[in-house]
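Student:
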Amino acid sequence: DLICQSGDEIVFVEVKTRKTETFGYPEESVTRKKFSHIAQSGEFYLQQTHQSDISWRIDVVAIQFHPGSEPEIIHFPAVRL
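If you use this note's numbering, the sequence shown corresponds to residues 51 to 131, in order.
This is the structure we're talking about:
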């Protein structure tokens, strides 16, 4: 969803949201298959932008909406599956 930079590191950020907990927490929707796709896309991006030698990671940002209150935002840095 996002490509960011933190210091000398490229960060690929997957953002997941939920309005209810009916289908679980937002971060639970990042499966091994989805994670693998993000990693492959990240590697492709780095190759295409001639940055293959740069350090990179995958973060997940989970946003849970709660009726009548502020959304809960949780950042999971350097996710590994």
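Ideal Cβ placement from N, Cα and C applies to all residues, glycine included.
All values reported here derive from a predicted model rather than from experimental measurement.
With a CB to CB cut of under 6 angstroms and the five nearest residues on each side skipped, what residues in its chain are close to GLU122?
Tutor: Within the same chain, GLU122 has close Cβ partners GLN114.
Student: Going by DSSP, what residues sit across from PHE62 in a beta bridge?
Tutor: ILE53, ILE108.
Student: By Cβ distance below 6 angstroms, which residues in the same chain neighbour THR70 in space, the five residues on each side in sequence not counted?
Tutor: If we look at THR70 and ignore the five residues flanking it on each side, it has no Cβ neighbours.
Student: For HIS116, does the three-state DSSP call read helix, strand or coil?
Tutor: It is coil, neither helix nor strand.
Student: How big is the Cα-Cα spacing for VAL111 and ILE104?
Tutor: Looking at the two C-alpha atoms, the distance is approximately 22 angstroms.
Student: Have a look at the DSSP bridge pairing and note the partners of GLU122.
Tutor: Note: GLU122 sits in a beta bridge opposite GLN114.
Student: Between the Cα of PHE62 and those of SER86, PHE73, ARG68, spot the shortest distance and give me the residue it belongs to.
Tutor: With distances taken between Cα atoms, PHE62 lies closest to SER86.
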